[in-house]
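Trainee:
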Ligand code: ZN
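Numbering (our numbering), first residue to last: 377 to 794.
#1: Please report how far the alpha carbon of residue 696 lies from the alpha carbon of residue 442, in whole angstroms.
#2: Please determine whether the Cβ atom of residue 631 lies at a distance below 6 Å from any heavy atom of the ligand ZN.
#3: Would you kindly report the start and end of the unbroken beta strand (DSSP E) that includes residue 395?
#4: For residue 774 versus residue 719, is the C-beta distance shorter than 7 Å?
#5: When the Cβ atoms of the segment 512-521 are set against those of the segment 457-469, are three or more pairs found closer than 8 Å?
#6: In whole angstroms, what separates the C-alpha of residue 804 from that of residue 701?
#7: For residue 537, name the three-state secondary structure that DSSP assigns.
#8: Measuring CA to CA, which of 509, 486, 533 is closest to residue 520?
#9: Which residues in the same chain as residue 666 place their Cβ atom closer than 6 Å to its Cβ, once the five residues preceding and following it in sequence are excluded?
#10: Do you know how far the Cα of residue 639 is from the Cα of residue 687?
#11: At which residues does the beta strand (DSSP E) containing residue 526 begin and terminate?
#12: Hey, quick one: how far does the beta strand (DSSP E) through residue 649 stretch, first residue to last?
#13: Ordered along the chain, which non-local residues of its own chain (more than five positions away) have a Cβ less than 8 Å from that of residue 716?
#14: Using DSSP's beta-bridge definition, name the partner residues of residue 671.
#15: Return the CA-CA distance between residue 629 and residue 756, expressed in angstroms with no decimal places.
#16: Under 7 Å between C-beta atoms, does residue 547 make it to chain D?
#17: CB residue 614 to CB residue 650, shorter than 7 Å?
#18: Identify, in the order they occur along the chain, each residue of the same chain with its Cβ nearer than 6 Å to the Cβ of residue 595, setting aside the five sequence neighbours on each side.
#19: I need the straight-line Cα distance from residue 500 to residue 445, nearest angstrom please.
#20: Would residue 607 and residue 454 be called neighbours here (beta carbons separated by less than 7 Å)?
#21: Buried or exposed: residue 677, going by 16 or more other Cβ atoms within 10 Å of its Cβ?
#22: Quick one: measure Cβ to Cβ for residue 750 and residue 733, integer angstroms, because I've assumed they're closer than 8 Å.
#23: Please identify the residue among 752, 489, 507, 472 whose C-alpha is closest to the C-alpha of residue 427.
#24: Quick check on the burial criterion: 16 or more other C-beta atoms within 10 angstroms. Buried or exposed for residue 781?
#25: Which class does residue 404 belong to by DSSP, given the choice of helix, strand or coil?
#26: How would you label residue 523, buried or exposed, when you count the other beta carbons within 10 angstroms and need 16 or more for buried?
#27: Give me the Cβ distance between residue 457 and residue 603, rounded to the nearest whole Å; I'm assuming they're in contact under 8 Å.
#28: Apart from the five residues just before and just after residue 394, which ones in its own chain have a Cβ nearer than 8 Å to its Cβ?
#29: Roughly how far, in whole angstroms, is the beta-carbon of residue 796 from the beta-carbon of residue 777, given that I think they are within contact range, below 8 Å?
#30: Among 583, 589, 584, 556, which residue has its Cα nearest to the Cα of residue 573?
#31: Taking the straight line between their C-alpha atoms, what separation do you get for residue 698 and residue 412?
#32: Would you call the CB atoms of residue 741 and residue 415 closer than 7 Å?
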């Protein structure tokens, strides 16, 4: 599947710091310690409610992470999937009397447009579930060969008893796992399952649902096996980062990792688990079911510059939940105007402390708010005391562009932007 166009990225002098990042499984901030090529898998959207600000904040997290890794001299192999066959898509298709494939196509296009507008670095491989069905079938056969599948009325399940480390990412009690599984596409109450938490690998064909041929009969993939199959095929048996929103921690990531580890025999599949906190609106997590969503596309149509949306998102740590409010756009607009004015000066203060601060803060568990504050300090100094370095405005521009992903269009002293 086609990814979206990559934004240009300025070159910076020197190298960034090695990244330390919060790992969900160990509950601690740890050095990522990736090799020359960092391998990252991030769960993509199910294309039916793209792109609300919770999505945008999630993909911004991995954009920043990739920027820090690139700046520190790594190559980044980044794979993201798109779950273009799943229950929510069929439900919406039935409700709106539309073809599910058309909904998926339109929503994926919208997502790509929004990501490009926000200057989110694209994955090196953007992979759809439908196009990956042969990979899923191959992986289920591998699990079958390891005695890690069983059938309930033609549907195929994975026995979590085959995965001795199941539960070690999310650290939830059995009851909480059952509760989360029920609320996230699982079927803990289904009779015939060995364990209520056993996830579905292959759903046999149902009337009115699409199906693909397989050695175990026509049907379609379960959700977790899709990501496991794509990650194993495109990144290998061990990856550096598994990413997604905190809502994917259980059951999705726990099950996907269990599939990968049981199939490959390699543990850990993911060396680090990075999760992005949920964005709230009106006191609750933004969600389709509650209807409290704000969309990137809606803000763009209202004329909000993409750089303003990006700056508003950069004001928050990826590890803490936060509440969206329209006033954040006003603050971001003011901030952008100050940055534009500072970069529009012919000379500015020394940018070495700025570069060092932005690099240090981002390498410290992606502390974007502190990095933004460092830019504010430089811009404040440029606007008050000035500075005499003729290279400084261009360098500050490059730092903000390359590390924070904001293309600041400078406003020259005369008031015109270039
Ligand atoms: Zn996934």
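Every residue, glycine too, gets a C-beta built ideally from N, C-alpha and C. Note that the coordinates shown come from a computational prediction; the quantities given were computed from them, not determined experimentally.
Mentor: From the atom records:
#1: Distance from the CA of residue 696 to the CA of residue 442, rounded to the nearest whole angstrom, comes to 20 Å.
#2: Judged by the Cβ position, residue 631 fails to qualify as a neighbour of the ligand ZN at the 6 Å threshold, every heavy atom of the ligand being at least this far.
#3: No beta strand (DSSP E) contains residue 395, which DSSP labels as neither H nor E.
#4: In this structure, residue 719 does not lie closer than 7 Å to residue 774 by Cβ.
#5: Taking 8 Å as the limit for Cβ pairs, the verdict is that the segment 457-469 does not touch the segment 512-521.
#6: There is no way to answer for residue 804, as the model of the chain reaches only from 377 to 794.
#7: Three-state DSSP puts residue 537 in a helix.
#8: When only C-alpha atoms are compared, the closest one is 533.
#9: When the five nearest sequence neighbours on each side are left out, the beta carbons in the same chain lying within less than 6 Å of the beta carbon of residue 666 are those of 660, in order along the chain.
#10: One alpha carbon belongs to residue 687, the other to residue 639, and they sit about 42 Å apart.
#11: Its beta strand (DSSP E) spans residues 526-528.
#12: Unbroken beta strand (DSSP E) run through residue 649: 646-652.
#13: Close CB contacts of residue 716 within its chain, under the 8 Å cut and outside five residues either way in sequence, are with 784, 785, 786, 787, 793 (chain order).
#14: Residue 671 is bridged to 428.
#15: The straight-line gap separating the alpha-carbon atoms of residue 629 and residue 756 is approximately 43 Å.
#16: The displayed structure is made up of one protein chain only, and chain D is not part of it.
#17: Going by C-beta atoms, residue 614 is not nearer than 7 Å to residue 650.
#18: Apart from the 5 residues on each side of it in sequence, residue 595 sits with its Cβ closer than 6 Å to the Cβ of 578, 579, 580, 581, 587 in its chain, given in chain order.
#19: Rounded to the nearest angstrom, the two C-alpha atoms are 14 Å apart.
#20: At a Cβ-Cβ threshold of 7 Å, residue 607 and residue 454 do not count as neighbours.
#21: The residue in question, residue 677, is exposed, as its Cβ has fewer than 16 Cβ neighbours within 10 Å.
#22: Contact flag correct, Cβ pair sits at about 4 Å.
#23: Of 752, 489, 507, 472, the residue nearest in Cα terms is 489.
#24: When all chains shown are included, residue 781 counts as buried.
#25: DSSP places residue 404 in strand when its eight states are reduced to three.
#26: By the 16-neighbour rule on beta-carbons within 10 angstroms, residue 523 is exposed.
#27: Between residue 457 and residue 603 the beta-carbon gap is near 6 Å, inside 8 Å, which marks them as a contact.
#28: Spatial neighbours of residue 394 in its own chain (CB-CB distance under 8 Å, excluding positions within 5 residues in sequence) are listed in chain order as 407, 408, 409, 448, 739.
#29: Given that the chain is displayed from residue 377 to residue 794, the structure contains no residue 796 and the question cannot be resolved.
#30: That would be 556, whose Cα lies nearest to the Cα of residue 573.
#31: In this structure, the alpha-carbon of residue 698 lies about 34 Å from that of residue 412.
#32: Contact flag unset, no.
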